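Student:
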Amino acid sequence: CRKITIGWGLYLIYSVLWTDVSDAWKLPRHQRAIVDIGGVYLQSFFLVLVLALYQLTGNSIFLFAFVLNDFAIAMTTFNPFIRMDGYWLMSDLFGIVNLRRQQMIWGQDILARIFGGHQTGLSRLSRRAKWALTAYTVLGTLYLAYLVKVVFKLVVLNIAESYPAMLHVLWQQASDGMPVLAFLRALLEIGWRTMLIFGAAMVVFRATKASLGLAAKLCGARSHARLPPGA
Numbered sequence: 003c004r005k006i007t008i009g010w011g012l013y014l015i016y017s018v019l020w021t022d023v024s025d026a027w028k029l030p031r032h033q034r035a036i037v038d039i040g041g042v043y044l045q046s047f048f049l050v051l052v053l054a055l056y057q058l059t060g061n062s063i064f065l066f067a068f069v070l071n072d073f074a075i076a077m078t079t080f081n082p083f084i085r086m087d088g089y090w091l092m093s094d095l096f097g098i099v100n101l102r103r104q105q106m107i108w109g110q111d112i113l114a115r116i117f118g119g120h121q122t123g124l125s126r127l128s129r130r131a132k133w134a135l136t137a138y139t140v141l142g143t144l145y146l147a148y149l150v151k152v153v154f155k156l157v158v159l160n161i162a163e164s165y166p167a168m169l170h171v172l173w174q175q176a177s178d179g180m181p182v183l184a185f186l187r188a189l190l191e192i193g194w195r196t197m198l199i200f201g202a203a204m205v206v207f208r209a210t211k212a213s214l215g216l217a218a219k220l221c222g223a224r225s226h227a228r229l230p231p232g233a
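Counted from 1, the sequence shown has number 211 at position 209 by the numbering used here; the numbering is strictly sequential.
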């Protein structure tokens, strides 16, 4: 029996548990889809636990934890626009290997059809997969624009703006001999803000990199489509 690797890590600003499921590629895609939502199984145990605690105690904190975790599953775990369970689930359900790359191929094919160039291979996908990829690309673009807007307003205008002042205040208070517990609380506050700023920077960097890469490929496809035969 092959040893299975598991571990803990940080994905952008999320703390995650992970395991190596590379052998899932040997399975049919509908069975891979079951593997894709393995994280949801684990989260479901937590949901059942906090719901049971709420029923036993009536404490609203457990109900809040249930709603928060449920919201996290809907907005992150099943979100197909970030590389978490939802991304791989959509890839396997519709039979589209590497959604990001297929988005670029989709754009190149559209330009090739417009300008009469050579298509790049999107036609090999099924009609159902083409419609899914088209919807994914359009909705993904809108989601990315919304995400960048939210990140800018929340992180840049609010958190990042007050970050230098918080560091300055912490340094002054630490120099004046603030209590250890208060220092640890302030350090924790600085820590999560640092993680949030770092995660936001990574989101903007990856979004910019993906947009520039897609624009370069589309421009290349357009230039190729305009070349005369034999050039």
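Positions of the beta carbon are idealized from the N, C-alpha and C atoms, including for glycine. These numbers come from a predicted model, not from an experiment.
So with Cβ pairs under 8 Å, would you call tyrosine 145 a contact of chain C?
Tutor: Absent from the structure: chain C. Only one protein chain is present.
Student: Cutting at 6 Å between CB atoms, please list the residues of its own chain near phenylalanine 80, excluding the five before and the five after it.
Tutor: Residue 80 sits at position 78 when you count from the first residue of the sequence shown. Within the same chain, phenylalanine 80 has close Cβ partners Gly88.
Student: Report buried or exposed for methionine 77, applying the criterion of at least 16 other Cβ atoms within 10 angstroms of its Cβ.
Tutor: Position 75 of the sequence shown, counted from the start, is the residue given in the question as residue 77. With fewer than 16 other Cβ atoms within 10 Å, it is exposed.
Student: Would you grab the beta carbon distance between leucine 135 and glutamine 104 for me? Rounded to a whole angstrom, and I think it's under 8 Å.
Tutor: Numbered from its first residue, the sequence shown carries residue 135 at position 133. Numbered from its first residue, the sequence shown carries residue 104 at position 102. Going by Cβ atoms, the distance from leucine 135 to glutamine 104 rounds to 6 Å, so yes, they are a contact pair.
Student: The alpha helix (DSSP H) that contains alanine 74, what's its start and end?
Tutor: As a working note, residue 74 is residue 72 in the sequence shown. Start and end: 62-74.
Student: Apart from the five residues just before and just after methionine 86, which ones in its own chain have a Cβ nearer than 7 Å to its Cβ?
Tutor: The residue given as residue 86 occupies position 84 in the sequence shown. Closer than 7 Å at the Cβ level, and outside the excluded window around methionine 86, lie Thr78, Thr79.
Student: Using beta-carbon positions only, say whether valine 52 and alanine 67 come within less than 8 Å of one another.
Tutor: Looking up residue 52 in the sequence shown gives position 50. Looking up residue 67 in the sequence shown gives position 65. Result yes, Cβ atoms of valine 52 and alanine 67 sit closer than 8 Å.
Student: Measure the C-alpha to C-alpha separation of alanine 274 and threonine 196 and round it to an integer number of angstroms.
Tutor: The question about residue 274 has no answer here: the residues shown for the chain are numbered 3 through 233.
Student: I'd like to confirm the pairing. Which residues does DSSP put opposite isoleucine 8 in its beta bridges?
Tutor: Residue numbering aside, residue 8 sits at position 6 when the sequence shown is read from its first letter. In the DSSP output, where bridge partners are listed per residue, isoleucine 8 has Thr21.
Student: Considering only residues of the same chain and omitting the five flanking positions on each side of glutamine 174, which have a CB-CB separation below 7 Å?
Tutor: Here residue 174 refers to the residue found at position 172 of the sequence shown. Around glutamine 174: no qualifying Cβ.
Student: Along the chain, where does the alpha helix (DSSP H) containing glycine 41 start, and where does it finish?
Tutor: In the sequence shown, counting from the first residue as 1, residue 41 sits at position 39. It spans 40-59 - the alpha helix (DSSP H) in which glycine 41 sits, taken as one unbroken run.
Student: How do the region 94-102 and the region 29-37 stand: do at least 3 beta-carbon pairs fall below 8 Å, yes or no?
Tutor: At 8 Å Cβ cutoff, the stretches touch.
Student: Between the beta-carbon of tryptophan 90 and the beta-carbon of aspartate 38, is there less than 8 Å?
Tutor: One-based indexing of the sequence shown puts residue 90 at position 88. One-based indexing of the sequence shown puts residue 38 at position 36. For tryptophan 90 and aspartate 38, yes; Cβs fall inside 8 Å.
Student: Assuming contact is defined by CB atoms lying nearer than 8 Å, are isoleucine 161 and isoleucine 199 in contact in what I supplied?
Tutor: As a first step, residue 161 is located in the sequence shown; it is residue number 159 there, counting from the start. As a first step, residue 199 is located in the sequence shown; it is residue number 197 there, counting from the start. Taking 8 Å as the Cβ cut-off, isoleucine 161 and isoleucine 199 qualify as a contacting pair.
Student: Once you ignore the five residues that flank glycine 9 on each side, which residues in its own chain have a CB closer than 8 Å to its CB?
Tutor: Numbered from its first residue, the sequence shown carries residue 9 at position 7. So the qualifying residues of the chain are Leu19, Trp20, Thr21.
Student: In whole angstroms, what separates the C-alpha of valine 99 from that of leucine 159?
Tutor: To locate residue 99, count along the sequence shown from 1; it is residue 97. To locate residue 159, count along the sequence shown from 1; it is residue 157. Between valine 99 and leucine 159, the C-alpha separation is close to 38 Å.
Student: According to the neighbour-count rule (16 or more other Cβ atoms, all chains shown, within 10 Å of its Cβ), is alanine 202 buried or exposed?
Tutor: As a position in the sequence shown, residue 202 is number 200, starting the count at 1. Alanine 202 comes out buried.
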